[in-house]
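In my numbering, the protein residues as written are 1 to 366.
Backbone N, C-alpha and C define an ideal beta-carbon position, used for all residues, glycine too.
See below for the structure under consideration.
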Amino acid sequence: MAAMLLADLGATVLRIQRRDPVEQGIQRELRYNLLLRNRTSIELDLKQPEAVSLVLDLVENADALIEGFRPGVMERLGLGPGPCLARNPRLVYGRVTGWGQDGPLAQSAGHDINYLAITGALGAIGRQGQPPAPPLALLGDFAGGGLYLALGILAALIERARSGRGQVVDAAMVDGVASLSTAFFGLAAAGVWQPERGANLIDSGAPFYDVYACRDGRYVSVGPLESRFFRKLLALLELPEDLAGWQADRKRWPDLRARLAQAFSSRPRDEWSARLDGTDACFAPVLSFEEAPGHAHLRARGTFIEVAGVTQPAPAPRLSRSAAPPTAPPAPPLRGVHALAALGRWLSPSTLERVQAQGLFPGETA
1 MAAMLLADLG ATVLRIQRRD PVEQGIQREL RYNLLLRNRT SIELDLKQPE AVSLVLDLVE
61 NADALIEGFR PGVMERLGLG PGPCLARNPR LVYGRVTGWG QDGPLAQSAG HDINYLAITG
121 ALGAIGRQGQ PPAPPLALLG DFAGGGLYLA LGILAALIER ARSGRGQVVD AAMVDGVASL
181 STAFFGLAAA GVWQPERGAN LIDSGAPFYD VYACRDGRYV SVGPLESRFF RKLLALLELP
241 EDLAGWQADR KRWPDLRARL AQAFSSRPRD EWSARLDGTD ACFAPVLSFE EAPGHAHLRA
301 RGTFIEVAGV TQPAPAPRLS RSAAPPTAPP APPLRGVHAL AALGRWLSPS TLERVQAQGL
361 FPGETA
(Lines of atoms letter the chains of each structure in order from A and count residues from 1; the text may use other names and numbers.)
(Lines give C-alpha, C1' and ligand atoms only; values in the text may rest on other atoms or scores of the structure.)
Protein backbone atom coordinates (compact mmCIF):
# COMPACT_ATOMS: atom_id res chain seq x y z
CA MET A 1 0.00 0.00 0.00
CA ALA A 2 2.74 2.48 0.94
CA ALA A 3 4.65 1.78 -2.27
CA MET A 4 1.49 2.23 -4.34
CA LEU A 5 0.74 5.57 -2.69
CA LEU A 6 4.27 6.83 -3.28
CA ALA A 7 4.34 5.53 -6.86
CA ASP A 8 0.97 7.10 -7.61
CA LEU A 9 2.40 10.44 -6.48
CA GLY A 10 5.39 10.16 -8.79
CA ALA A 11 8.02 8.01 -7.06
CA THR A 12 9.99 5.55 -9.18
CA VAL A 13 9.45 2.20 -7.46
CA LEU A 14 11.21 -1.11 -8.06
CA ARG A 15 9.67 -4.15 -6.40
CA ILE A 16 11.95 -7.04 -5.40
CA GLN A 17 10.00 -10.25 -4.88
CA ARG A 18 10.80 -13.86 -4.15
CA ARG A 19 11.63 -16.14 -7.03
CA ASP A 20 9.95 -19.11 -5.37
CA PRO A 21 6.16 -18.73 -5.19
CA VAL A 22 4.75 -18.35 -1.68
CA GLU A 23 1.25 -18.05 -0.32
CA GLN A 24 0.20 -14.46 -1.06
CA GLY A 25 -3.43 -14.29 0.01
CA ILE A 26 -6.26 -14.24 -2.51
CA GLN A 27 -5.01 -15.52 -5.86
CA ARG A 28 -5.82 -13.47 -8.97
CA GLU A 29 -4.32 -12.24 -12.21
CA LEU A 30 -1.64 -9.61 -11.64
CA ARG A 31 -3.67 -6.92 -13.38
CA TYR A 32 -6.23 -7.25 -10.61
CA ASN A 33 -3.61 -6.87 -7.86
CA LEU A 34 -3.97 -3.12 -7.87
CA LEU A 35 -1.57 -2.50 -4.99
CA LEU A 36 1.26 -3.53 -7.34
CA ARG A 37 0.45 -0.90 -9.94
CA ASN A 38 2.77 1.81 -11.21
CA ARG A 39 6.09 0.03 -10.72
CA THR A 40 8.50 -2.46 -12.23
CA SER A 41 9.60 -5.66 -10.55
CA ILE A 42 12.42 -8.16 -10.45
CA GLU A 43 12.70 -11.58 -8.81
CA LEU A 44 15.66 -12.49 -6.62
CA ASP A 45 16.72 -15.29 -4.32
CA LEU A 46 18.06 -13.26 -1.40
CA LYS A 47 19.83 -16.31 -0.02
CA GLN A 48 22.37 -15.88 -2.82
CA PRO A 49 25.26 -13.53 -1.94
CA GLU A 50 25.15 -12.07 -5.45
CA ALA A 51 21.49 -11.12 -4.96
CA VAL A 52 22.26 -9.40 -1.65
CA SER A 53 25.10 -7.53 -3.33
CA LEU A 54 22.71 -6.39 -6.05
CA VAL A 55 20.22 -5.06 -3.50
CA LEU A 56 23.00 -3.06 -1.84
CA ASP A 57 23.92 -1.66 -5.25
CA LEU A 58 20.30 -0.58 -5.66
CA VAL A 59 20.23 0.92 -2.16
CA GLU A 60 23.15 3.13 -3.10
CA ASN A 61 20.95 5.07 -5.53
CA ALA A 62 17.65 4.89 -3.64
CA ASP A 63 15.90 7.49 -1.52
CA ALA A 64 13.99 4.88 0.45
CA LEU A 65 13.66 1.15 1.04
CA ILE A 66 10.48 -0.59 2.21
CA GLU A 67 10.40 -4.03 3.82
CA GLY A 68 7.63 -5.97 5.51
CA PHE A 69 9.34 -9.03 6.99
CA ARG A 70 9.17 -10.09 10.62
CA PRO A 71 11.76 -8.29 12.76
CA GLY A 72 15.24 -9.69 12.25
CA VAL A 73 14.74 -11.27 8.83
CA MET A 74 16.42 -8.46 6.89
CA GLU A 75 19.31 -8.49 9.37
CA ARG A 76 19.81 -12.23 8.80
CA LEU A 77 19.83 -11.63 5.05
CA GLY A 78 22.55 -9.03 5.45
CA LEU A 79 20.17 -6.24 4.41
CA GLY A 80 19.27 -4.67 7.74
CA PRO A 81 19.54 -0.96 8.45
CA GLY A 82 23.22 -1.29 9.38
CA PRO A 83 24.66 -2.38 6.02
CA CYS A 84 22.09 -0.43 4.01
CA LEU A 85 22.73 2.88 5.78
CA ALA A 86 26.46 2.21 5.65
CA ARG A 87 26.14 1.93 1.88
CA ASN A 88 23.88 4.98 1.63
CA PRO A 89 23.77 7.20 4.75
CA ARG A 90 20.93 9.24 3.20
CA LEU A 91 18.64 6.22 2.88
CA VAL A 92 15.23 6.23 4.56
CA TYR A 93 14.70 2.63 5.71
CA GLY A 94 10.98 1.90 6.00
CA ARG A 95 9.79 -1.10 8.01
CA VAL A 96 6.15 -2.11 8.32
CA THR A 97 4.92 -4.88 10.61
CA GLY A 98 1.80 -5.65 12.56
CA TRP A 99 3.23 -5.56 16.07
CA GLY A 100 6.35 -3.43 15.56
CA GLN A 101 10.08 -4.09 15.64
CA ASP A 102 10.13 -4.78 19.39
CA GLY A 103 7.83 -5.78 22.23
CA PRO A 104 6.58 -9.16 23.48
CA LEU A 105 4.49 -9.83 20.35
CA ALA A 106 7.05 -8.67 17.77
CA GLN A 107 7.75 -12.20 16.51
CA SER A 108 4.12 -13.36 16.54
CA ALA A 109 1.93 -13.82 13.48
CA GLY A 110 -1.10 -11.59 13.19
CA HIS A 111 -3.57 -9.93 10.85
CA ASP A 112 -5.62 -6.75 10.64
CA ILE A 113 -8.33 -8.06 12.97
CA ASN A 114 -5.76 -8.73 15.71
CA TYR A 115 -4.22 -5.26 15.50
CA LEU A 116 -7.66 -3.69 15.80
CA ALA A 117 -8.50 -5.96 18.72
CA ILE A 118 -5.48 -5.16 20.87
CA THR A 119 -5.76 -1.38 20.40
CA GLY A 120 -9.40 -1.11 21.45
CA ALA A 121 -10.68 -0.22 17.99
CA LEU A 122 -12.39 -3.54 17.26
CA GLY A 123 -14.14 -3.53 20.62
CA ALA A 124 -15.77 -0.22 19.69
CA ILE A 125 -17.09 -1.31 16.28
CA GLY A 126 -20.47 -3.00 16.04
CA ARG A 127 -24.11 -2.82 17.01
CA GLN A 128 -25.41 -2.45 20.54
CA GLY A 129 -25.79 -5.84 22.19
CA GLN A 130 -23.92 -7.58 19.36
CA PRO A 131 -20.34 -8.94 19.16
CA PRO A 132 -17.60 -6.71 17.74
CA ALA A 133 -17.93 -6.44 13.94
CA PRO A 134 -14.66 -6.89 12.03
CA PRO A 135 -14.54 -4.20 9.33
CA LEU A 136 -12.73 -4.41 6.00
CA ALA A 137 -8.95 -4.59 6.40
CA LEU A 138 -8.71 -0.83 5.95
CA LEU A 139 -7.88 0.37 9.45
CA GLY A 140 -4.95 -1.89 10.31
CA ASP A 141 -3.24 -3.03 7.13
CA PHE A 142 -3.87 -0.04 4.90
CA ALA A 143 -4.42 3.00 7.14
CA GLY A 144 -2.53 2.03 10.29
CA GLY A 145 0.23 0.31 8.34
CA GLY A 146 0.63 1.39 4.73
CA LEU A 147 -0.55 4.98 5.05
CA TYR A 148 1.48 5.62 8.20
CA LEU A 149 4.55 4.06 6.58
CA ALA A 150 4.22 6.37 3.57
CA LEU A 151 3.72 9.34 5.88
CA GLY A 152 6.76 8.37 7.94
CA ILE A 153 8.92 7.99 4.84
CA LEU A 154 7.89 11.42 3.57
CA ALA A 155 8.56 12.97 6.98
CA ALA A 156 12.01 11.34 7.08
CA LEU A 157 12.78 12.63 3.58
CA ILE A 158 11.85 16.16 4.65
CA GLU A 159 14.08 15.83 7.72
CA ARG A 160 16.89 14.50 5.52
CA ALA A 161 16.76 17.68 3.45
CA ARG A 162 17.87 19.53 6.59
CA SER A 163 20.21 17.01 8.21
CA GLY A 164 21.53 15.14 5.18
CA ARG A 165 21.03 11.86 7.04
CA GLY A 166 18.64 8.97 6.58
CA GLN A 167 16.93 7.03 9.35
CA VAL A 168 14.71 4.04 10.11
CA VAL A 169 10.91 4.32 10.03
CA ASP A 170 9.27 1.71 12.30
CA ALA A 171 5.63 1.62 11.15
CA ALA A 172 3.71 -0.80 13.36
CA MET A 173 0.06 -1.34 12.51
CA VAL A 174 -0.84 -1.37 16.20
CA ASP A 175 0.77 2.06 16.59
CA GLY A 176 -1.00 3.37 13.51
CA VAL A 177 -4.42 2.11 14.60
CA ALA A 178 -3.89 3.59 18.08
CA SER A 179 -2.94 6.91 16.48
CA LEU A 180 -6.04 6.84 14.28
CA SER A 181 -8.09 6.33 17.44
CA THR A 182 -6.64 9.38 19.23
CA ALA A 183 -9.86 11.40 19.26
CA PHE A 184 -11.84 8.51 20.72
CA PHE A 185 -9.32 7.94 23.52
CA GLY A 186 -9.75 11.62 24.36
CA LEU A 187 -13.54 11.33 24.38
CA ALA A 188 -13.33 8.23 26.59
CA ALA A 189 -10.96 9.96 29.02
CA ALA A 190 -13.38 12.88 29.24
CA GLY A 191 -16.21 10.49 30.10
CA VAL A 192 -18.28 11.40 27.06
CA TRP A 193 -17.73 8.16 25.13
CA GLN A 194 -19.62 5.12 26.33
CA PRO A 195 -17.64 1.84 26.31
CA GLU A 196 -20.70 -0.07 25.11
CA ARG A 197 -20.83 -0.54 21.34
CA GLY A 198 -23.56 1.29 19.47
CA ALA A 199 -24.27 3.63 22.37
CA ASN A 200 -22.62 6.80 21.09
CA LEU A 201 -23.39 9.59 18.70
CA ILE A 202 -21.26 8.38 15.78
CA ASP A 203 -21.17 4.60 16.18
CA SER A 204 -24.77 3.83 15.11
CA GLY A 205 -26.08 4.65 18.58
CA ALA A 206 -27.91 7.73 17.33
CA PRO A 207 -30.82 7.12 14.92
CA PHE A 208 -29.76 10.15 12.88
CA TYR A 209 -26.31 8.63 12.23
CA ASP A 210 -27.02 5.19 10.81
CA VAL A 211 -28.01 3.14 7.78
CA TYR A 212 -31.58 2.22 6.84
CA ALA A 213 -33.11 -0.44 4.63
CA CYS A 214 -35.20 0.69 1.68
CA ARG A 215 -38.16 -0.97 0.00
CA ASP A 216 -35.91 -2.83 -2.46
CA GLY A 217 -33.65 -4.26 0.28
CA ARG A 218 -30.81 -1.85 -0.43
CA TYR A 219 -29.53 0.70 2.04
CA VAL A 220 -28.98 4.42 2.54
CA SER A 221 -26.84 6.29 5.05
CA VAL A 222 -27.79 9.42 6.97
CA GLY A 223 -25.69 11.53 9.32
CA PRO A 224 -27.31 14.92 10.04
CA LEU A 225 -25.73 15.48 13.45
CA GLU A 226 -26.43 19.21 13.36
CA SER A 227 -30.00 20.25 14.15
CA ARG A 228 -30.45 22.34 11.00
CA PHE A 229 -29.40 19.40 8.82
CA PHE A 230 -31.68 17.04 10.76
CA ARG A 231 -34.63 19.35 10.18
CA LYS A 232 -33.80 19.28 6.47
CA LEU A 233 -33.87 15.46 6.51
CA LEU A 234 -37.24 15.43 8.25
CA ALA A 235 -38.67 17.80 5.66
CA LEU A 236 -37.43 15.70 2.74
CA LEU A 237 -38.82 12.56 4.37
CA GLU A 238 -42.13 14.38 4.89
CA LEU A 239 -41.99 13.68 8.62
CA PRO A 240 -43.46 16.03 11.25
CA GLU A 241 -41.31 19.01 12.22
CA ASP A 242 -41.79 18.33 15.92
CA LEU A 243 -39.59 15.23 15.58
CA ALA A 244 -36.65 17.65 15.50
CA GLY A 245 -36.99 17.97 19.27
CA TRP A 246 -36.36 14.24 19.66
CA GLN A 247 -32.79 14.58 18.40
CA ALA A 248 -31.49 15.83 21.74
CA ASP A 249 -33.64 13.46 23.82
CA ARG A 250 -32.00 10.04 24.06
CA LYS A 251 -35.14 8.56 25.57
CA ARG A 252 -36.94 9.25 22.29
CA TRP A 253 -34.21 7.76 20.10
CA PRO A 254 -35.82 4.29 19.81
CA ASP A 255 -39.07 5.88 18.63
CA LEU A 256 -37.20 8.21 16.28
CA ARG A 257 -35.31 5.27 14.80
CA ALA A 258 -38.58 3.47 14.15
CA ARG A 259 -40.03 6.51 12.39
CA LEU A 260 -36.97 6.90 10.18
CA ALA A 261 -36.89 3.18 9.38
CA GLN A 262 -40.56 3.25 8.41
CA ALA A 263 -40.03 6.26 6.17
CA PHE A 264 -37.04 4.86 4.30
CA SER A 265 -38.73 1.49 3.83
CA SER A 266 -41.47 3.16 1.80
CA ARG A 267 -39.35 3.79 -1.32
CA PRO A 268 -36.49 2.06 -3.15
CA ARG A 269 -32.93 3.29 -2.58
CA ASP A 270 -32.45 5.03 -5.91
CA GLU A 271 -35.68 6.94 -5.48
CA TRP A 272 -34.39 8.26 -2.18
CA SER A 273 -31.10 9.13 -3.87
CA ALA A 274 -32.89 11.17 -6.51
CA ARG A 275 -34.74 13.00 -3.75
CA LEU A 276 -31.94 13.57 -1.22
CA ASP A 277 -28.64 13.59 -3.15
CA GLY A 278 -27.01 17.00 -3.10
CA THR A 279 -29.11 18.32 -0.21
CA ASP A 280 -27.99 19.29 3.29
CA ALA A 281 -29.62 16.20 4.77
CA CYS A 282 -26.20 14.50 5.04
CA PHE A 283 -27.36 11.61 2.89
CA ALA A 284 -25.64 9.09 0.64
CA PRO A 285 -26.74 5.77 -0.83
CA VAL A 286 -24.84 2.70 0.33
CA LEU A 287 -23.17 1.51 -2.86
CA SER A 288 -21.24 -1.65 -3.71
CA PHE A 289 -17.75 -1.69 -5.20
CA GLU A 290 -19.42 -2.36 -8.55
CA GLU A 291 -21.79 0.60 -8.20
CA ALA A 292 -19.48 3.24 -6.72
CA PRO A 293 -17.57 4.18 -9.93
CA GLY A 294 -20.89 5.02 -11.59
CA HIS A 295 -21.98 7.61 -9.04
CA ALA A 296 -22.36 11.00 -10.71
CA HIS A 297 -20.16 12.85 -8.21
CA LEU A 298 -17.32 10.34 -8.43
CA ARG A 299 -17.55 10.32 -12.22
CA ALA A 300 -17.35 14.11 -12.30
CA ARG A 301 -14.25 14.13 -10.09
CA GLY A 302 -12.54 11.27 -11.89
CA THR A 303 -12.27 9.35 -8.62
CA PHE A 304 -12.04 6.11 -10.60
CA ILE A 305 -10.08 5.31 -13.75
CA GLU A 306 -9.72 2.26 -15.96
CA VAL A 307 -6.35 0.58 -16.52
CA ALA A 308 -5.88 -2.63 -18.49
CA GLY A 309 -9.65 -3.11 -18.47
CA VAL A 310 -9.87 -2.88 -14.67
CA THR A 311 -11.80 -0.04 -13.02
CA GLN A 312 -9.88 1.19 -9.99
CA PRO A 313 -9.42 4.22 -7.72
CA ALA A 314 -7.36 7.03 -9.23
CA PRO A 315 -4.22 8.32 -7.48
CA ALA A 316 -4.96 10.49 -4.45
CA PRO A 317 -4.57 13.12 -3.17
CA ARG A 318 -4.43 15.59 -6.03
CA LEU A 319 -1.62 18.13 -6.18
CA SER A 320 -2.46 21.62 -7.43
CA ARG A 321 0.96 22.46 -8.89
CA SER A 322 1.46 19.36 -11.01
CA ALA A 323 2.70 19.93 -14.54
CA ALA A 324 -0.16 17.81 -15.85
CA PRO A 325 -3.18 15.97 -14.45
CA PRO A 326 -2.35 12.68 -12.71
CA THR A 327 -1.59 10.01 -15.26
CA ALA A 328 -3.23 6.62 -15.16
CA PRO A 329 -0.93 4.14 -13.44
CA PRO A 330 0.18 1.34 -15.75
CA ALA A 331 -0.97 -2.21 -15.25
CA PRO A 332 0.84 -4.17 -12.52
CA PRO A 333 4.14 -5.69 -13.65
CA LEU A 334 4.67 -9.18 -14.93
CA ARG A 335 6.80 -11.12 -12.50
CA GLY A 336 10.49 -10.80 -13.27
CA VAL A 337 10.05 -10.00 -16.95
CA HIS A 338 12.62 -7.59 -18.44
CA ALA A 339 14.52 -7.43 -15.15
CA LEU A 340 17.73 -6.08 -16.66
CA ALA A 341 15.84 -3.33 -18.43
CA ALA A 342 14.23 -2.37 -15.13
CA LEU A 343 17.60 -2.33 -13.39
CA GLY A 344 19.03 -0.08 -16.08
CA ARG A 345 17.28 2.88 -14.45
CA TRP A 346 19.08 2.23 -11.18
CA LEU A 347 22.55 0.85 -11.98
CA SER A 348 25.58 2.04 -13.87
CA PRO A 349 26.44 0.23 -17.14
CA SER A 350 29.43 -1.49 -15.52
CA THR A 351 27.36 -2.74 -12.58
CA LEU A 352 24.66 -3.93 -14.95
CA GLU A 353 27.26 -5.90 -16.92
CA ARG A 354 28.47 -7.50 -13.69
CA VAL A 355 24.93 -8.49 -12.74
CA GLN A 356 24.36 -10.01 -16.17
CA ALA A 357 27.62 -11.96 -15.93
CA GLN A 358 26.60 -13.36 -12.55
CA GLY A 359 23.58 -15.03 -14.15
CA LEU A 360 21.03 -13.73 -11.68
CA PHE A 361 18.54 -13.38 -14.55
CA PRO A 362 19.18 -16.32 -16.89
CA GLY A 363 18.08 -15.92 -20.47
CA GLU A 364 17.97 -12.14 -20.35
CA THR A 365 20.21 -9.68 -22.10
CA ALA A 366 20.57 -6.03 -21.27
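Nearest-angstrom Cβ-Cβ length linking residue i and residue j, presumed shorter than 8 Å
i      : j      : result
Gln174 : Trp99  : Checking the sequence shown, residue 174 turns out to be Val, not Gln. At roughly 6 Å, the Cβ-Cβ gap stays under 8 Å, so Val174 and Trp99 are in contact.
Arg95  : Arg160 : Not really, about 17 Å apart at Cβ, beyond 8 Å.
Ala62  : Asn88  : 7 Å
Ala133 : Gly126 : 4 Å
Leu14  : Ile42  : 7 Å
Leu243 : Pro207 : About 10 Å; that fails the 8 Å criterion.
Gln312 : Leu34  : 5 Å
Rounded separation between residue i and residue j - CA only
i      : j      : result
Arg299 : Leu147 : 25 Å
Arg70  : Lys47  : 16 Å
Phe361 : Ala339 : 7 Å
Cys214 : Pro268 : 5 Å
Val73  : Asn114 : 22 Å
Gly369 : Arg19  : Missing from the structure shown is residue 369; the chain here goes from 1 to 366 and no further.
Ala156 : Thr97  : 18 Å
Ala150 : Leu234 : 43 Å
Phe264 : Ser273 : 11 Å
Gln93  : Cys282 : The question names Gln, but residue 93 in the sequence shown is Tyr. Roughly 43 Å between the two C-alpha positions.
Gly344 : Arg162 : 30 Å
Gln101 : Glu226 : 43 Å
Pro240 : Gln128 : 27 Å
Pro83  : Thr182 : 36 Å
Leu122 : Leu139 : 10 Å
Glu196 : Gln130 : 10 Å
Thr351 : Val307 : 34 Å
Ala3   : Pro349 : 26 Å
Glu271 : Val310 : 29 Å
Leu187 : Trp193 : 5 Å
Leu276 : Leu236 : 7 Å
Ala190 : Asp249 : 21 Å
Arg76  : Ile158 : 30 Å
Pro293 : Arg354 : 48 Å
Pro104 : Leu116 : 17 Å
Asn200 : Gly223 : 13 Å
Pro49  : Val59  : 15 Å
Leu30  : Met1   : 15 Å
Ala106 : Leu180 : 21 Å
Phe229 : Asp280 : 6 Å
Ser204 : Tyr212 : 11 Å
Glu238 : His297 : 26 Å
Arg321 : Ala261 : 46 Å
Ile305 : His111 : 30 Å
Phe184 : Ala342 : 46 Å
Asn27  : Arg259 : Here residue 27 turns out to be Gln, not Asn, going by the sequence shown. Whole-angstrom Cα-Cα distance: 45 Å.
Pro81  : Gly278 : 51 Å
Arg231 : Ile202 : 18 Å
Environment of residue i [buried if 16+ CB atoms lie within 10 Å]
i      : result
Thr119 : buried
Leu347 : buried
Gly25  : exposed
Gln247 : buried
Leu136 : exposed
Pro315 : buried
Lys251 : exposed
Ala109 : exposed
Ala124 : buried
Asp210 : buried
Val177 : buried
Arg39  : buried
Asp8   : buried
Pro317 : exposed
Arg66  : Sequence inspection shows Ile at residue 66; the Arg mentioned does not correspond to that position. Buried is the call here.
Gly10  : exposed
Leu453 : Here the chain has residues from 1 to 366 only, and residue 453 is not among them.
Gly302 : exposed
Ser266 : exposed
Arg37  : buried
Asp141 : buried
Gly152 : buried
Asp57  : buried
Asp45  : exposed
Ala171 : buried
Ala86  : exposed
Neighbour flag for residue i against chain D, beta carbons, 7 Å
i     : result
Asp20 : The displayed structure is made up of one protein chain only, and chain D is not part of it.
Should the stretch 216–236 be called in touch with the stretch 283–292, which here means at least 3 C-beta pairs below 8 Å? yes
Which full runs of the beta strand (DSSP E) of 3+ residues lie inside the stretch 124–173, going along the chain? 167–172
What alpha helix (DSSP H) runs, 4 residues minimum, are completely inside the stretch 263–306? 269–276 and 296–301
With contact counted as at least three CB pairs below 8 Å, one residue from each stretch, are the stretch 351–361 and the stretch 51–60 in contact? yes
In chain order, which beta strand (DSSP E) runs of at least 3 residues are fully inside the stretch 19–51? 40–44
Complete runs of the beta strand (DSSP E) confined to the stretch 82–119 [at least 3 residues]: 92–97
Which residue spans inside the stretch 216–253 form an unbroken alpha helix (DSSP H) run of at least 4? 227–236
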